[in-house]
Each structure stands twice: as C-alpha cells, then as structure tokens.
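**Q**
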Amino acid sequence: MSERLNLMSPAMLADPYPTYAELRRDAPVCQVDPGGFWAVTRHDDVVAVLKDTAVFSSEGFRAATKPAWLGHNPFGDSMLVLDPPAHGRLRSLVNRAFTPAAMARLEARVRAFAEDIAARLPLGQPVDWVESLAMPLPASVIGELLGLDPSLHARFKRWTDDLTSISPVTPDMTARMEEIRTTVREAEQYLTEVLASRRREPADDMVTDLLRAQVDGQSLTDAELMSFLFLLLVGGLETTVHLLNHSALQLIAHPEVLDRLRADPALIPRFIDEVLRYEPPVRSVYRLVMADTEIGGVRLPKGAKVLAMIGSACRDEAHFPDAHRFDIDRRGVTHLPFGHGIHFCLGAPLARLEARLLFTALLPRVRRLSPAGPPEWRRALSMRGVTSLPVVAHPA
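Under the working numbering, think of the first position of the sequence shown as 1454, with each following residue one higher.
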C-alpha cells in the first residue's frame, strides 16, 4: 500500500476485514494511522508479539491509555500494563473468581438473569439489541460479582465505552476529551464510595475479597484497589456486550444458523466460538518495543509502538481454512480473541457462559432476527463493536 492506512476511517470501522487480508498478503507489518503504530497482522506474528513480554512490553498499554491530554487514569495502571513478575502476583488474587468451579457456582444466577432478560424482550417490533439484551445481562452479572447497583448499567457502559476509546491519539474534538476526563472522575468517585461501603460493611463479593487480600504479606494499596475495580468493570462489560452484539449480527446474516441452534441448542457453544473468531470484540492490543527487534521480516526500533491486530489474526487464511466464511462446524477453537499468554482474559469463561445461557433462554422464543436499521460502529482502536443495533425479534 502506497499510502499509510487509517484504522479509524469510516470504511475500516464498518468492515476492516478485506483490508486486513491485503495487509497480511502485501504488508504484514506496516505503519498505520492514527499515531504511527506498527500494525502486526498475521496470526503467528501476533501470537509471537503477545508471548514475548520482554521485547513487546505491556507498558504500551499504559502509554496508550494515559496520554498527555488525559493524565490520571486508574485503568491505565491495571494488571494489563504489568509484565512478569509483578503481573503474576496480582493476577493470582482474582484467578479464583473465574475458575471452572467458580463459574459452576455462578451459573444458576446467570441463568436466572438471562431468562428474565429474554422474557422481557419485546417481540415483533423494533428494539435496540444493545439496550434490551447485550448490556443488561453482563451489567447484572458484574453487579452481582462486585456488589454494584445494576440499575446503573447504562452509566457503567458509558464509562467502559469511554475508557476503551482512549488512545494516545488526541481525539478530534476538545469536547470528547472532556467527556472522557469526566468519565474517569465519575467512575473513580463511584468506586471510591463502593470501597468505603465495603470497609464499613463487608459483603460476599469480589470487592470485599480484594480488601481482605494480601500480596507478599501486604494489603493492596488504594491505588491498586482502584485499578483492579476499573479493570474488572471494563472487563466484565465490554467483551461480553460485544460478543452478544456480534452474535446477533451473525444470526441476522445467517438465518439458517439460527434454525440449527433452535433445533439443537447443544450447538450454541460452537456458535459462540465461531463468533469470537469471525468478529472478535478485541480489535487490537497495544505493545511497546523494549529493544531493537524484528517481526514478520520488518525491523522495529526500541520505543516503537505496536498494535497486535487480533481481528486480522483471527481471519488469517494460513491458520484458518476458508477464514472469511462463518462456519459453526469449524474444528479447532481459537482462544486468541481473548488474548494470549500471561494476559489471556480472565473473564473468558464468564463471557462464554453468559452468551450460552442468554441464547439458550432466547432462541425458543425467537424464530428469526431481522435488521430494523443500520448498526452504529464504535470509533476505537482497541475494541470492535456497535453502540446500537436495531433489530426485530420475530416470535416463534
């Protein structure tokens, strides 16, 4: 490509995949706009970047989420910016909340939330899938885990959308910058009140667990606690909301798949895995080059900013035969949509559980999904998803 590609152009936001295919073929590691990042697009190269934390440091995430125009941001100080050994010590604190045994204990509550939300979906009329289904379920679940007020789910989603829209590139408008600064202040104030409440009255939730936890014999500092809560709020909402939205888009595009899932709900986990591969919620991951290196035949100097393009890697023809076809019979599950290596998403089992139980509850009620208007795609370098998705759910 002769001109530098802009990843935030309207065409790339709406459908980046044809361009990703060109990059994998002709320029698998290349500089892109905005920001002059080096985009790494082939599957094996993306995995190599995510595995090698010594050369491709998570400090890139800190730089991306704490740009000069923003400054203070607890999300930018979370585990996502840590390399070994500090990362391992903190990750161990929350590992047990997402084990298979923990998911089994949580399943009954998630099923109850899913059945209630599915039962309340208006049928035969236009609704916003995001507002009606994709947002309420993960907001209810993360509210249960952290002991947050689920009635504030719209506010939580606005916060997480803003936090995952931050990049080192100055936003186009000053007003948008101020909105994000306001979000950081609001979220921190709310979570400070949550921490104070749990100190006064401990509860059976993850916030209380974190207050009681110790690393190397010491309790977490207030700053570490705040960064944890920012991370858990974002992680608990963003990935699952986008997974549920992308699932709906595929059911609209492939009504024959919806028919198969209705006839055989045991196929739902395979459907979810293929949605994650075909349209992963995480578009790219930031990394910072710590020493001169080479990736994909391209020399990168120390200090270079890298985007490991998850969305491109999951459509790599060299790794996935007929990669551009949506196929729930595809063999070989990829876990790359949830990251790789030490930063593999802790909440991956929870996101899959929520999606499985929602569609298990919904599909007996719905024979077809049809569009009621065009989706609105988010402007973000790191996440891929819609902000609204007008649909009609036709009753069974």
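A virtual CB, placed ideally from N, CA and C, is assigned to each residue, including glycine.
Quantities reported herein were computed from a predicted structural model and do not represent experimental measurements.
Ordered along the chain, which non-local residues of its own chain (more than five positions away) have a Cβ less than 7 Å from that of T1746?
**A** So the list reads V1508 and L1753, once near-sequence residues are dropped.
**Q** Does DSSP classify T1494 as helix, strand or coil?
**A** Coil at T1494, not helix or strand.
**Q** Express the C-alpha separation of S1823 and T1506 in angstroms, rounding to a whole number.
**A** Taking the straight line from one Cα to the other gives about 44 Å.
**Q** Please state whether DSSP places H1788 in a helix, a strand or coil.
**A** Of the three classes helix, strand and coil, the one that applies to H1788 here is coil, per DSSP.
**Q** DSSP on P1774, reduced to helix/strand/coil?
**A** Looking at P1774 - three-state DSSP - the assignment turns out to be coil, as it is neither helix nor strand.
**Q** From R1784 to I1721, what does the alpha carbon distance come to, in whole angstroms?
**A** Straight-line Cα distance between these residues: approximately 14 Å.
**Q** For I1781 and V1728, I'd like the C-alpha separation in whole angstroms.
**A** If you take the alpha carbons of I1781 and V1728, they lie about 8 Å apart.
**Q** Mark T1674 as exposed unless 16 or more other C-beta atoms lie within 10 angstroms of its C-beta, in which case mark it buried.
**A** Label assigned to T1674: exposed.
**Q** Quick one: any contact between the stretch 1829-1840 and the stretch 1809-1821, if contact means 3 or more CB pairs under 8 Å?
**A** No: fewer than three Cβ pairs fall under 8 Å.
**Q** Please determine, among L1702, A1656, P1481 and L1599, the residue with the shortest C-alpha to C-alpha distance to Y1643.
**A** Of the listed residues, the one whose Cα sits closest to Y1643 is L1599.
**Q** Which residue from S1672, F1566 and T1617 puts its Cα closest to that of L1684?
**A** The shortest Cα separation from L1684 among S1672, F1566 and T1617 belongs to T1617.
**Q** Which of the three DSSP states, helix, strand or coil, is assigned to K1758?
**A** Three-state DSSP puts K1758 in a strand.
**Q** What is the DSSP secondary structure of H1654, reduced to helix, strand or coil?
**A** Just to set this straight, residue 1654 is Glu in the shown sequence, not His. E1654 falls in the coil class under three-state DSSP.
**Q** Does the beta-carbon of T1613 have 16 or more other beta-carbons within 10 angstroms, so that it is buried, or is it exposed?
**A** Counting Cβ neighbours within 10 Å, T1613 comes out buried, since at least 16 surround it.
**Q** Taking Cβ positions, are K1610 and A1628 nearer each other than 8 Å?
**A** Taking 8 Å as the Cβ cut-off, K1610 and A1628 do not qualify as a contacting pair.
**Q** List the endpoints of the continuous beta strand (DSSP E) containing R1821.
**A** Per DSSP, R1821 belongs to the beta strand (DSSP E) from V1819 to P1824.
**Q** Which residues mark the beginning and the end of the beta strand (DSSP E) in which I1705 is found?
**A** Not the beta strand (DSSP E): I1705 falls in the alpha helix (DSSP H), residues D1675 to A1706.
**Q** Among residues of its own chain, excluding the 5 on either side of Y1470, which ones have a beta-carbon nearer than 6 Å to its beta-carbon?
**A** So the list reads R1768, once near-sequence residues are dropped.
**Q** Going by CA-CA distance only, name the one from A1676, A1849 and P1828 that's closest to A1701.
**A** That would be P1828, whose Cα lies nearest to the Cα of A1701.
**Q** Rounded to whole angstroms, what's the CA-CA distance from E1709 to F1779? Just pull it up for me.
**A** Approximately 12 Å, taken between the alpha carbons.
**Q** Using the C-alpha atoms, what's the distance from A1587 back to H1606?
**A** Cα to Cα, H1606 sits roughly 11 Å from A1587.
**Q** Label A1833 either buried or exposed according to how many other C-beta atoms from any shown protein chain fall within 10 Å of its C-beta, with 16 as the threshold for buried.
**A** Under this definition A1833 is a buried residue.
**Q** Does S1765 come out as helix, strand or coil in the three-state DSSP assignment?
**A** Of the three classes helix, strand and coil, the one that applies to S1765 here is helix, per DSSP.
**Q** With a Cβ-Cβ cutoff of 8 Å, do D1479 and N1459 count as a contact?
**A** For D1479 and N1459, no; Cβs fall outside 8 Å.
**Q** When the distance is taken between beta carbons, is A1766 closer than 8 Å to H1496?
**A** Cβ atoms of H1496 and A1766: closer than 8 Å.
**Q** Taking the C-alpha atoms as reference points, what is the distance between D1602 and A1464?
**A** Using only the alpha carbons, I get a separation of about 38 Å.
**Q** Below 8 Å on the Cβ atoms is my contact criterion, and I expect G1689 with V1594 to pass it. Report the Cβ-Cβ distance as a whole number of Å.
**A** At roughly 7 Å, the Cβ-Cβ gap stays under 8 Å, so G1689 and V1594 are in contact.
**Q** What's the gap between the Cα of K1755 and the Cα of F1490?
**A** C-alpha separation (whole angstroms): 13 Å.
**Q** Mind checking which residues open and close the alpha helix (DSSP H) that includes V1563?
**A** Element bounds for V1563: P1553 to A1572.
**Q** Under 8 Å Cβ to Cβ from A1656, same chain only, skipping five residues before and after it: list those, please.
**A** Answer for A1656: G1600, listed in chain order.
**Q** Buried or exposed, going by whether 16 or more other CB atoms sit within 10 Å of the CB of D1498?
**A** Buried, because 16 or more other Cβ atoms sit within 10 Å of the Cβ of D1498.
**Q** What does the alpha-carbon distance come out to for the pair L1711 and A1640?
**A** If you take the alpha carbons of L1711 and A1640, they lie about 38 Å apart.
**Q** Would L1697 and A1808 qualify as a contact pair, given that the criterion is a beta-carbon distance under 8 Å?
**A** Result yes, Cβ atoms of L1697 and A1808 sit closer than 8 Å.
**Q** With 16 as the cutoff for other CB atoms within 10 Å, does P1774 come out buried or exposed?
**A** Classification of P1774: exposed, given that the 10 Å Cβ count is below 16.
**Q** Measure the alpha-carbon distance for A1467 versus G1670 and round it to whole angstroms.
**A** Near 49 Å, if we compare the C-alpha coordinates of G1670 and A1467.
**Q** In the DSSP assignment, the beta strand (DSSP E) including H1847 goes from what residue to what residue?
**A** It spans P1843 to P1848 - the beta strand (DSSP E) in which H1847 sits, taken as one unbroken run.
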